Amino acid sequence: MSKWFDAGVQLKGGILAEEMGLGKTVEMIGLMCLNRRLFSPEETFPVSGNGGLRPSGATLIITPPAILEQWEQEIGAHAPGLSVFNYTGIQRHSTLSDQELVEMIADYDVVLTTYNVLAREVHYSGDAPKRNLRHEKRFEPRKTPLVQISWWRVCLDEAQMIESGVSNSAKVARLIPRRNAWAVTGTPLRKDIKDLLGLLLFLHYEPFSGFVWNRLCSSFRPVLARIVNAISLRHSKDRIRNELHLPPQKRVVITIPFTAVEEQRYGQLFEKMCEDCGLDLSGAPLNDDWNPESLAVIEKMRSWLVRLRQTCLHPAENTRRAFGISNGPLRSVAEVLEVMIDQNDVLIHADERSLLLSQLRRGQLLENAMHRQQALDLWKVSLEHASEIVKECRDRLHAERLKNWGSSGDMVQGAMAADPESDDEGEETDKNTRVGAYRQRLRSALEIQHICVFFTGNAYYQIKTDPKLTTPDSEEFKSLEKREEEAYEAAKLIRKEMLNDISEKVGRYMKIIKGKSLNGQLVDIPKMRPELYARGLEARRVFDKLEDFCESMNQHAEQYEAWRQIMVKLLLQPLIDQEDENELEGDEYEKSTKHQDEMYVYMEALRAMFADRHDALTGQKNVLIAHEVKSGLIQAQKGEGPSPKLFLEIMDTRSNTKPDPQLGSLRGIISELRSLTTSLEWQAGGGSSRAQSELEIAELVLQNASRMASEQGKVALNLEREVEMFRDTMNNRLEYYRQLQQISDTVAPYDEESAGKPLDETLFAEKLKQEDAIDEKISSLKAKRRYLIHLRDESGSDDFSKICVICQSGFDVGVLTVCGHKYCKDCLRLWWHQHRTCPTCKKRLKANDFYQITYKPQEFVVQEEKTPTKSENRPSKNFIYTDIGSGTLREIRNIDLDCSFGTKIDTLSRHIMWLREHDPGAKSVVFSQYKYFLEILSTAFSRFKIGYSSVDSKDGIHIFKSDPSLLQVECFLLHAKAHSSGLNLVNATHVFLCEPLINTAIELQAIARVHRIGQHLPTTVWMYLVNDTVEESIYDLSVSRRLNHIVQKEKESAKISDDEAVVNKLTETAIDSANSLEVQDAALAKLMTSGASGGELVKKDDLWQCLFGNPSQEKVYGHSADAGQEVARFLRGEAAEQRRTDTGELQY
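First residue of the sequence shown: 2, per our numbering; consecutive thereafter.
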């Protein structure tokens, strides 16, 4: 039991747990200078050291990688006389023996290393398990010097990183021999009291870190508290606040507006979020069974919150392709707008396709019900619409091609003369994805147009052949017959255009094969002639073998050439629907099946024959083809697969034609001939005339065999290419028929069982209702497209474009019609009520053909955080922020940039440029919870010539702290995932927070890098947020909680029950104290999501408040696309008109 009382005596060191920013690093440097190791006589010589350890007076400091450079700088500044060594691992010193490395390290005063190095050294710590080996190890494993030195002091900086005590770095740290041990951390408790276990294990504080630990935590908390107090040293800022003399810190919140493009993008995502989560624009459930506790709903809301927050940072969100990180340049706002236009076009085309398909199916219902004339009329309307879409797609594709050719420096005349369906279509698509997308849209539109044309031709035929509708051989009959023929011919031309790419590809292959066949350029397989002049005694066996082999190979070649001719004939057969007399009947794929099956069988035969020939020449068997043939035979024997009977016959012939394996290979025969010549040379050298004669013959035969092997080898390579060409041709022909069958399927009869029966009125009405809904959606999307184009084209418009042509007055909020004309909303509302047309172009307008446009001035709002006083009586939503002048922000806004990457990036860049002039030499820390956004920001900073370094870049901290006159580094990019606790950046005086956070402890960690001991200049924290977004909701929620936290603390200490009285008495000290407590209590690891790109973790109870807590958000984004709906509501009566007048302006 005596050991229970010796722990405190034996322990040398402890836990240095000063509050963050109170100079723990300086304290440890002071300790290293004042408390040096005094060696006893027995420790003077290493030979007599403790347990073979090398005694050293060095201090080993283990630190996170991010602040290792800072330790070097602090030691150099405060104790330049101490020698410092950076230990990077035993593998970095492979040229030194273990003993040499130990001696080198032990002579330094301070040795720095990182937790990462410590984790790697676990394999060299000598703690590996013993294994029973059959033989002794030939080489002894290396041993890290960290466990071979008796250190005077070991210090774990940011010791909370080994709180569990089970990581590799924690295991190695416990094994390091030392006389003194210090665990340095500003947050020793991050989750609960169990966090101390890892620290006690490192300190070897037995037996309290052993088997009694659990009982201490569960039953003896007061005893544990006394133990911790005995081994820990901690001062809070409250305790020594009178001794601290930090310069003042100003905290400013800058609220910035979206650009029109960003506002549109954000509003679009907000509406999608509401739809996906089953909520309306105010956050109310759309369905009664909506469950807020559903994990699926919670994850959707959390995911959408992240997307909306990222959109506030940059309109392209966190997509690596969009941001161009390692995949191209960063997208500017203009490029994002082009993407939005493209995405809107995709939606328009998809809905137009759905609308036309529904109309076509509705026409088939009429056709089945014998209402053929009505079906024809409906299909004619659909054909007209489809033709307009096809023309639009052609024009866009042509314009994109001209744009590409123009950008390549080609002459416009050459572009106009170029064949749009040239052989380079595939290459064009590969080089330009936009051209490929436009070509795909055109093909989709042609498919719908083909259905319309084919159905109209079919309707003409049915009307023509129905005696009740048309008299045979009459003029009307002939007219219908002519229109029918024209329709089918037009359908065929459309099919040819749709199949043009694949048919041209097949045509090129067929042209090559036909040319080779006619010109005799198919691979010629020369006959193999052994050229045996005599047999001889010893050579007869080999010569006979060679002769039989050549005869077998010649027969094999004849069979191969015969099957090749059949294959060529099959491949050169014309494609169905390529001849004028062929009409599309709907079973084209089935008709080609037999032909394709035969082609497949002969293709497999040629491949197998080639493999057999290659095997006979080289002796190398093609295992893959052998397996395929075996599988094909098993399938054919079951009567399955392509042409099973023909396949069995062909493979049987192949087996009979295959060279006998007993003959071996040509390469083997040549080897036998060489052995024979060697034997005959030896006999001829002994004076044998017979051997001499046979030798001469054998050498001639060997030369001829070697020549044949070389010749046949070259032929085999050409045969392989030829077989691959046949296979490619076959595959492309099959693809052609697959596409043709797909087209045929689109014109197949619909619901044949209902043919001749009365019309299903319910189904017909349901389809009409669906079409009306789709039509309304298309109108809204087209209005939106006009608005997006307006944003793109009117970005630099003057005040003249803001004048209504009806009343000749200017307007800030107006309406844009789908035809592209602008009016103030009141004028257009009255005009549309009477005319239903556009006042300028007289185009017929529907209720959804309008879109709101806004020319409202965009101003910045600036708030400075400061302590309220009793004299401040103006209302404030959070009581601790007051307005300051925004003149500075106007100066910032007027700084010119050569391009735009979004409101937040642009304003931040301008702000830093403004600091160059108004605070020369000042440095800034830019903080974001998202690592990816800092990568985006760095790209924009490079574009704007703003110098920066990053916590993730090599030597980034050192570069930021270096002489600015040499490196011109103005900013340091820091993200929440970096282990920045303990990082000292007092050379910076500005902190930019790119977004508000619910968990303010995360941002306070970043602020503490600058506002800490060693800072001699006033500092400013600038927080950026976008108004009318989730950022405002998050900011208000964060401020409200922060205020409540401060008020509760002050009420407890001052014993005041009135909240307003507490708020009026708040001081800067109280706010700073609350900040310190928040950082101390927060477990930062639990506040962040997993993954390199994740941000803060928002609790499920906060999700709704973050998404819908800002009521102005609904007003701005909730009805942005509903201008037409408001106009339609005007028609419901004077009461509605009066109600809208009473409630203010219309919402769009």
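Just so it is clear, CB atoms sit at the ideal spot from N, CA and C, and this is done for glycine as well. Here the structure is a predicted model, which means the values were calculated and not measured.
Helix, strand or coil: which one does DSSP assign to residue i?
i: T1224; result: Outside the shown range of the chain (2 to 1149) lies residue 1224, about which nothing can therefore be said.
i: A184; result: strand
i: T472; result: coil
i: E971; result: coil
i: E762; result: helix
i: D110; result: coil
i: P56; result: strand
i: S1; result: Coverage of the chain is limited to positions 2 through 1149, which leaves residue 1 absent and any answer about it impossible.
i: T26; result: helix
i: Q1016; result: coil
i: H834; result: helix
i: K768; result: helix
i: Y561; result: helix
i: R252; result: strand
i: K1101; result: helix
i: Y949; result: strand
i: M341; result: helix
i: M600; result: helix
i: H386; result: helix
i: H912; result: helix
i: I257; result: strand
i: M731; result: helix
Residues in its own chain within less than 6 Å of residue i by CB, not counting five upstream and five downstream?
i: L61; result: V112, W152 and V155
i: H1153; result: Absent from the structure is residue 1153, since the part of the chain shown begins at 2 and ends at 1149.
i: R734; result: V507
i: R786; result: N345
i: C275; result: L282
Between which residues of its own chain and residue i is the CB-CB distance below 8 Å, once the five residues before and five after are set aside?
i: S126; result: K144, T145, L147, V148, K172, V173 and L176
i: S954; result: I960
i: L217; result: F209, V224, L225 and I228
i: L97; result: M105
i: L1038; result: I999, D1103, Q1106, C1107 and G1110
What does DSSP give as the partner residue(s) for residue i in the beta ladder?
i: D158; result: V185
i: I299; result: Partner(s): none; I299 has no beta bridge.
i: W152; result: R179
i: S1034; result: S1034 pairs with nothing; no bridge assigned.
i: P286; result: L280
i: I62; result: L113 and C156
i: L994; result: F928 and M1024
i: L234; result: L17
i: C551; result: Note: C551 sits in no beta bridge, so no partner.
i: Q853; result: V816
i: I163; result: Per DSSP, none; premise fails for I163.
i: N87; result: L113
i: Y824; result: V816
i: H246; result: Note: H246 sits in no beta bridge, so no partner.
If I measure Cβ to Cβ from residue i and keep anything under 7 Å in the same chain, skipping five residues before and after, which residues do I get?
i: K844; result: C820 and T838
i: N849; result: E777, S780, S781, A784 and G1125
Could you give the uninterrupted runs of the alpha helix (DSSP H) lying entirely in the segment 653-711, keeping only those of 4 residues or more? 667-686
Please confirm if the segment 551-571 is in contact with the segment 524-539, defined as three or more CB-CB distances below 8 Å between the two stretches. yes
Does the segment 540-547 come within contact of the segment 470-486, defined as at least 3 CB pairs closer than 8 Å? no
Taking 8 Å as the cut-off, does the segment 1019-1033 touch the segment 294-311 (at least 3 CB pairs, one atom from each stretch)? yes
For the segment 456-530, which segments carrying the alpha helix (DSSP H) assignment without a break, of at least 4 residues, lie completely within its bounds, in sequence order? 476-499 and 501-519
Please confirm if the segment 71-87 is in contact with the segment 26-35, defined as three or more CB-CB distances below 8 Å between the two stretches. yes
Count Cβ pairs between the segment 337-350 and the segment 759-777 that sit closer than 8 Å; are there 3 or more? Three or more Cβ pairs closer than 8 Å define a contact, and the segment 337-350 falls short of that threshold against the segment 759-777.
So does the segment 532-539 actually touch the segment 629-641, counting three or more Cβ pairs closer than 8 Å? no
Would you say the segment 349-367 touches the segment 384-393, given that touching needs at least three Cβ pairs under 8 Å? yes
Give a yes or no on contact between the segment 601-615 and the segment 651-669, applying the rule of three or more CB pairs nearer than 8 Å. yes
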